[in-house]
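Residue numbers (the numbering used here), protein chains in the order written: chain A, 13 to 409; chain B, 13 to 409; chain C, 12 to 300; chain D, 12 to 300. Just so you know, even glycine gets a beta-carbon here, dropped at the ideal spot from N, CA and C. These figures come from a predicted structure and were not determined experimentally. Just below is one structure, and these are the notes that go with it.
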Amino acid sequence: MKMFEYMGKEVFAQFGLPVPKGRMVKSPDEAAQVAAEIGGPVVIKSQVLSGKRGKAGGIKFADNPEGAKAAAEELLGMTIQGLPVEILLVEEKLLIDKELYLSITIDGAAKKPVLIASAHGGMEIEEVAEEYMIKKHIEVELGMQDFIARDVVRRMGISFNSPHSQALVKLMNTLYKIFTEKDAELVEINPLVLSGDKVIAADAKVTIDDEALYRQPDLPRVEERTATEKAAHDLGLAFVELDGDIGVMANGAGITMGTLDTLTYYGGKPANFLDAGGGTGEEGTAKALELILARKPKSIIINIFGGITRCDDVARAFASVKKKMGMPVPVVIRLVGTNQEAGRAILKEVGIEAYDFMQDAAKKAVELANQKSEVGGQRSEGRGRKAEARGQRSERF
Amino acid sequence: MKMFEYMGKEVFAQFGLPVPKGRMVKSPDEAAQVAAEIGGPVVIKSQVLSGKRGKAGGIKFADNPEGAKAAAEELLGMTIQGLPVEILLVEEKLLIDKELYLSITIDGAAKKPVLIASAHGGMEIEEVAEEYMIKKHIEVELGMQDFIARDVVRRMGISFNSPHSQALVKLMNTLYKIFTEKDAELVEINPLVLSGDKVIAADAKVTIDDEALYRQPDLPRVEERTATEKAAHDLGLAFVELDGDIGVMANGAGITMGTLDTLTYYGGKPANFLDAGGGTGEEGTAKALELILARKPKSIIINIFGGITRCDDVARAFASVKKKMGMPVPVVIRLVGTNQEAGRAILKEVGIEAYDFMQDAAKKAVELANQKSEVGGQRSEGRGRKAEARGQRSERF
Amino acid sequence: MAIIIDENTHVIVQGISGKQGLFHTQQMLAYGTKIVAGTSASKGGTTLEGIPVYDNVRTACANHTIDASVIFIPANGAKDAALEALEAGIKVVVVVTEHIPVHDEMAVVAYAKRVGAMVIGPNTFGIVSSGKCKMGIPPNPFFIPGSVGVVARSGTLTYEIVGNLTAQGIGQSTVVGMGGDRVVGLTFVDVLKEFEADPETKAVVLIGEIGGNAEEEASQYIREMTKPVVAYIAGKSAPAGKRMGHAGAIIERGKGTYQGKVNALTEAGVKVAELPFEVAEIIKDVLGR
Amino acid sequence: MAIIIDENTHVIVQGISGKQGLFHTQQMLAYGTKIVAGTSASKGGTTLEGIPVYDNVRTACANHTIDASVIFIPANGAKDAALEALEAGIKVVVVVTEHIPVHDEMAVVAYAKRVGAMVIGPNTFGIVSSGKCKMGIPPNPFFIPGSVGVVARSGTLTYEIVGNLTAQGIGQSTVVGMGGDRVVGLTFVDVLKEFEADPETKAVVLIGEIGGNAEEEASQYIREMTKPVVAYIAGKSAPAGKRMGHAGAIIERGKGTYQGKVNALTEAGVKVAELPFEVAEIIKDVLGR
């Protein structure tokens with residue numbers, strides 16, 4: 013779960029990590045009020061979950077409350093990378109002597125946290141040359157220690173005798189504490205500003221592990237998923253919207269990706285990724301089909317290799333949904349594994365002959381999608397498709 | 013640093029560990045007030061740093077505010093094991109279904125924390141038979157884990173399905189957190205009360221590592237040492253008052269103990285233990301001698317084996333103190349090690365011939381103490397001494 | 012021979028009394044796995060499927076020789092269960108559970124390293140030494156003994172490919188699921204080394220997916236291997252920046268792409284199948300059947 | 012021969028620029044210790060007493076072969092310094108610092124165990140392999156080469172007894188100060204095992220004190236030893252419940268008493284001296300001089 017900058021800074025402040033004076037606002041009047049409270053030049057920052065808001069004009073400066081109000085008026089209602097700006101953060105404008113970069117994230121390959129620092133902060137870290145980046149893995153059982161932080165500070169070119177050295181060591185310890193105690197996947201400060209003899213987190217990018225949200229009741233919640241993806245998530249389904257016209261449902265992330273790949277190989281365009289996982293019952297199956305149908309596909313492929321999933325359960329759920337809801341597009345089902353025969357018998361009752369092999373089922377689904385496209389005249393919903401004309405969705409199936 | 017029960021419970025409460033309703037008071041009126049707030053039967057507990065207050069009558073019960081006031085009047089002014097009762101804790105009287113014992117302390121031999129639990133709580137843990145005690149070492153890098161706590165709970169005879177099981181697991185986790193975060197040497201709950209479906213810490217014994225107090229600014233301070241011992245501690249001297257009449261100063265805990273042992277072997281009785289450590293200058297030496305003289309010894313032995321300590325520094329400090337303050341009792345000095353010759357020359361200037369060997373110096377110190385005892389008629393201050401008559405303190409030396 | 016587990020491996024099931032735990036205990040027993048004990052917080056002291064159930068792992072270990080544990084404990088208790096097994100001295104711990112917080116996973120993996128144990132998973136289908144021992148959840152019929160080692164990041168895709176192998180009469184020495192999460196115990200390299208050292212294994216199938224750099228790291232080691240490796244990488248058609256089901260299956264900042272992985276593997280001499288079903292065809296070629 | 016350190020041990024001094032660190036660096040150099048590097052947070056890049064000073068241990072290790080570290084860092088930074096040395100791979104770490112919080116000591120000792128390293132101290136005078144290498148703070152003149160191993164919990168008492176030995180012409184193989192704190196890295200048993208295995212050591216002096224049960228545990232091992240052990244236990248005259256200087260030197264709840272320790276040692280065949288100066292006399296007897 014990505015957190016807005018202002019939320020990240022609230023967490024920082026709770027742990028005593030220095031952040032600029034200021035707070036979140038939702039209207040120009042509030043912006044003016046906060047600017048008045050701060051009583052000097054301010055910065056007004058769009059709160060969107062995108063890293064490129066600076067370049068997109070999402071950050072403005074003002075010298076007084078009136079200016080802040082005007083800036084806020086401009087920013088609210090802007091759209092940055094497709095995201096509407098609805099929240100602003102109004103903060104004191106810092107006198108910047110130097111901008112550093114600091115983050116802690118998880119290195120899956122190393123299986124441990126990694127601290128990344130650079131004396132070249134303020135720009136996107138991807139744009140910082142490798143030679144200016146300092147990477148230090150943190151052993152889980154050792155945690156952050158002063159000697160590690162001191163070494164990183166030094167390698168950033170900050171002398172032990174500088175006024176910032178001790179503050180940075182302390183800040184790194186605090187940031188690691190936040191990272192572990194708040195179940196973060198990423199805590200990033202860019203820029204980390206040296207201002208006079210102070211060290212201040214001028215930005216905050218915090219991402220919390222979704223799987224750990226249950227034990228982080230004090231953190232605010234941010235919903236980044238589309239409404240559909242969220243509905244799927246709540247049902248235990250992993251759902252991603254794609255641009256094509258073939259609905260996909262499979263059980264397992266790998267086989268779902270494999271299904272997409274196979275469809276693509278045969279010239280099809282998947283409309284979605286939907287991993288139904290191991291144990292989807294009738295309700296889950298109904299919901300999954302609903303999500304898929306909402307993408308208005310030309311055909312649907314259901315690819316089940318029953319392990320934990322039992323084929324008869326899937327077939328029963330599908331048959332029941334089909335009977336209740338009808339099925340406006342052709343559905344191709346591949347069904348093998350646990351209780352395969354029972355499952356196929358159930359499908360036969362609703363007029364579906366299951367396939368043995370994924371590639372055959374995929375070929376058929378592509379064929380159906382393309383066939384239908386060639387019948388009617390509706391515009392393709394998929395981008396980059398070569399098919400020129402598409403058919404009305406059949407209600408027969 | 014031992015903490016009073018009420019302080020320990022305040023720490024418990026901060027961490028969410030359940031304690032009885034109530035608070036600390038210093039007068040009978042306050043006791044009545046707290047009892048009124050609680051609104052039912054209360055217990056009034058003397059706050060002294062001794063484990064035996066129950067047997068000594070330091071705990072009383074009352075059914076109403078008047079009773080609480082009367083009980084408080086009785087308790088305030090009592091003395092328990094030599095300690096005056098100045099503070100009380102007034103708490104709700106718990107309905108006790110069962111009393112358990114739980115503590116975490118440090119096992120020096122194992123070099124790690126050890127959790128001790130028993131289903132037989134409420135009495136002194138020393139009185140609990142070994143077979144009823146459950147001991148579980150906690151690996152520092154693993155910390156407390158639910159599986160460890162669950163196992164201890166089960167071995168206390170509490171079923172996983174009982175309402176207390178989960179609460180106890182949680183409590184053990186919290187107690188370990190307090191133990192580590194507060195730099196405790198001991199956290200003890202005795203009794204840990206099962207009351208209805210609740211688990212409540214009815215007592216709290218918390219001892220904080222003195223060496224870690226510097227990083228525990230939020231904890232209250234309790235002074236257990238005598239004024240003299242505290243003065244010594246503040247100067248970096250380890251000082252313990254003993255019952256004899258020979259003042260002792262040495263450098264290093266082991267050699268100081270060895271000096272006491274040697275004096276005792278030759279029939280002397282040390283008046284104190286004073287380890288001046290490695291680096292005592294003039295101020296420290298002056299203070300050390302002041303502390304020793306406050307014990308009114310008949311003689312003093314200074315035993316220095318110079319390692320870090322340099323003999324000339326010690327000699328210079330002693331000579332200076334002697335010149336400024338005079339020295340009311342005979343002083344025997346043993347001085348060897350780093351800069352030994354320079355040190356001896358300085359001592360010679362103030363009329364003292366240093367000894368080479370500890371045993372010779374000790375013999376002499378005992379002789380001087382006993383000799384003087386035989387001259388005059390003053391009563392010995394030492395208990396168990398065989399010397400019958402003691403002399404007036406000489407001012408000559 | 013096989014790697015990691017075989018017909019002499021004595022297994023404990025942690026969480027044996029739960030719905031999943033009990034069902035898969037039955038399945039594992041049916042496959043021939045030597046399950047000697049189970050744990051259950053609420054059913055200690057009973058017997059399930061003829062298996063004695065204990066309150067905790069230490070007690071079970073005091074009563075049985077136990078070589079390996081398979082964990083069916085929900086995500087919020089899975090770290091505790093894994094640490095319990097490791098602390099009790101068990102050297103192979105299979106964590107089937109999914110949705111475990113990543114900090115918990117790091118803690119378990121670090122502790123396993125400290126005590127010199129092997130963690131398979133989390134979020135894995137488990138491990139099967141075909142015909143000898145199955146720990147985890149894959150369907151029994153698709154695993155037959157043979158000489159192909161399989162190591163994979165995802166579950167059903169593995170069944171798909173192993174199913175194809177088996178359908179063509181190609182058996183497997185051991186099939187290992189590393190788990191789909193971002194932090195898991197074993198790496199491809201760990202497993203490839205085992206296969207390289209196993210006399211029974213003649214060829215290896217590596218089933219990867221987009222995201223991370225596990226396949227790229229594997230490529231480095233594969234250059235040193237004497238045995239042929241065939242790979243399939245899922246996610247060729249996945250868009251960047253979207254998490255494809257698995258926590259680790261995401262192309263971030265241009266890293267972890269399909270093409271990068273295929274290039275690295277191809278350069279290391281790996282034959283990369285474009286579709287899952289092609290793997291069995293290529294393996295047949297490789298084994299000269 | 013000697014134990015733990017010898018003439019080939021390359022030493023780093025952590026905290027070389029502090030008052031104590033610098034003074035004892037001079038003393039150690041004078042004794043012949045091969046100090047190859049030092050660290051100092053503020054003086055990195057300079058040279059002190061001809062020794063190159065680095066910002067941190069890792070940098071020093073990149074420039075020198077370093078076998079052992081001796082730490083002169085104040086208590087609030089000592090844990091960090093010890094972990095730094097251990098993390099850099101140094102296998103013998105001598106922590107002279109006193110007043111270190113006991114939780115820090117437990118953390119350091121646990122981490123040392125994890126990385127397979129040896130911690131001497133904290134709150135120790137150090138270790139001297141007489142005539143070869145001194146790490147720590149004991150006065151140079153009292154340590155001469157010979158065949159008696161000495162292991163102790165306290166400092167000046169050790170100088171006292173070693174001084175007596177030396178005065179009588181009895182040299183020492185190695186003298187080890189375990190440290191006076193409640194939690195220290197080495198136990199008597201650890202050191203006794205080293206002495207038992209060291210061909211140069213013919214007899215061992217054990218200098219204990221009241222509190223804890225280290226001497227009782229040592230007694231168990233001494234029963235297996237082939238070499239004679241002579242002991243002195245400080246604190247015969249100490250009252251119960253009072254902490255005698257050292258954090259560990261306290262008789263609590265009737266445990267850790269003088270008599271208990273003497274009994275255990277005597278039963279294990281140890282000759283226990285009643286006063287410090289008697290140790291040298293008994294050793295002379297034991298060695299047949």
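Check: 7 Å Cβ cutoff, residue 163 (chain B) in contact with chain C; Outcome: yes
Check: Nearest candidate by alpha-carbon position, reference residue 32 (chain C), set C:81, C:164 and C:253; Outcome: C:81
Check: 7 Å CB neighbourhood of residue 200 (chain B) in its chain, flanking five on each side removed; Outcome: 115 and 217
Check: For residue 351 (chain B) and residue 368 (chain B), believed in contact at Cβ under 8 Å, the rounded distance; Outcome: Actually they do not touch by this definition, with Cβ atoms about 15 Å apart.
Check: Cβ pair residue 168 (chain D), residue 267 (chain B) closer than 7 Å; Outcome: yes
Check: Contact test: residue 183 (chain B) Cβ vs the ligand MG heavy atom, cutoff 6 Å; Outcome: This structure does not include the ligand MG; it has no bound ligands of any sort.
Check: Candidates A:377, A:344, A:284 and A:383: closest to residue 241 (chain A) by CA position; Outcome: A:284
Check: Residue 288 (chain B) beta carbon less than 7 Å from that of residue 255 (chain D); Outcome: no
Check: Neighbour flag for residue 393 (chain A) against chain D, beta carbons, 7 Å; Outcome: Caution applies to residue 393 (chain A), whose pLDDT of 40 falls short of 50 and renders its modelled position unreliable; the value that the coordinates give is listed next. No, because no Cβ of chain D sits closer than 7 Å to the Cβ of residue 393 (chain A).
Check: Closer than 7 Å to chain A by CB, residue 67 (chain D); Outcome: yes
Check: Near-chain B residues of the stretch 221 to 240 of chain D - C-beta to any C-beta below 8 Å; Outcome: 221, 223, 224, 225 and 228
Check: The stretch 79 to 98 of chain B touching the stretch 68 to 85 of chain D, judged by at least three CB pairs closer than 8 Å; Outcome: no
Check: Members of the stretch 88 to 102 of chain D near chain A, C-beta cut-off 8 Å; Outcome: 88, 91, 92, 94, 95 and 98
Check: Option nearest residue 366 (chain A) by Cα separation, candidates A:192, A:314 and A:55; Outcome: A:314
Check: Contact belief for residue 108 (chain A) with residue 205 (chain A) at Cβ below 8 Å, rounded distance in angstroms; Outcome: 5 Å
Check: Segment limits, beta strand (DSSP E) that includes residue 176 (chain B); Outcome: Taken as a continuous stretch (DSSP letters only), residue 176 (chain B) belongs to no beta strand (DSSP E), being part of the alpha helix (DSSP H) at 175 to 193.
Check: Backbone CA spacing between residue 221 (chain A) and residue 105 (chain C) [nearest angstrom]; Outcome: 22 Å
Check: Cβ-Cβ distance between residue 49 (chain C) and residue 62 (chain C) below 7 Å; Outcome: yes
Check: Residue span of the beta strand (DSSP E) that contains residue 7 (chain D), given as start and end; Outcome: There is simply no residue 7 (chain D) to check, as chain D begins at 12 and stops at 300 in what is shown.
Check: Strand pairing of residue 13 (chain A), partner residues [DSSP]; Outcome: Answer by DSSP bridge pairing: none, since residue 13 (chain A) is not bridged.
Check: Simplified DSSP state of residue 149 (chain A), which is helix, strand or coil; Outcome: strand
Check: Proximity test, Cβ basis, 7 Å: residue 285 (chain B) and chain D; Outcome: yes
Check: Continuous alpha helix (DSSP H) stretch holding residue 113 (chain A): start and end; Outcome: No alpha helix (DSSP H) holds residue 113 (chain A); the beta strand (DSSP E) holding it covers 110 to 119.
Check: Interface flag, residue 401 (chain A) vs chain C, CB-CB below 7 Å; Outcome: At residue 401 (chain A) the pLDDT is 33, less than 50, meaning the model places this residue with poor confidence; the figure from the coordinates comes in the next sentence. Taking Cβ atoms only, chain C never reaches closer than 7 Å to residue 401 (chain A), which makes this a no.
Check: Chain A within 7 Å of residue 73 (chain D), Cβ atoms only; Outcome: no
Check: Helix, strand or coil at residue 249 (chain C) [DSSP, three-state]; Outcome: coil
Check: Chain B residues whose Cβ lies nearer than 9 Å to that of residue 288 (chain D); Outcome: 274, 369, 370 and 371
Check: Residue 164 (chain C), DSSP secondary structure in three states; Outcome: coil
Check: Chain A within 7 Å of residue 150 (chain C), Cβ atoms only; Outcome: yes
Check: Minimum Cβ-Cβ distance from residue 123 (chain C) to chain B less than 7 Å; Outcome: no
Check: The stretch 144 to 158 of chain A: positions lying closer than 9 Å to chain D by Cβ; Outcome: 151, 153, 154, 157 and 158
Check: Amino acids of chain B, ordered along the chain, whose beta-carbon sits closer than 9 Å to that of residue 60 (chain D); Outcome: Near residue 60 (chain D) there are no residues of chain B at all, since even the closest Cβ is about 18 Å away, more than 9 Å.
Check: Cβ separation of residue 119 (chain C) and residue 130 (chain C), assumed to be a contact under 8 Å, to the nearest whole Å; Outcome: 6 Å
Check: Three-way DSSP call (helix, strand, coil) for residue 140 (chain D) in this model; Outcome: strand
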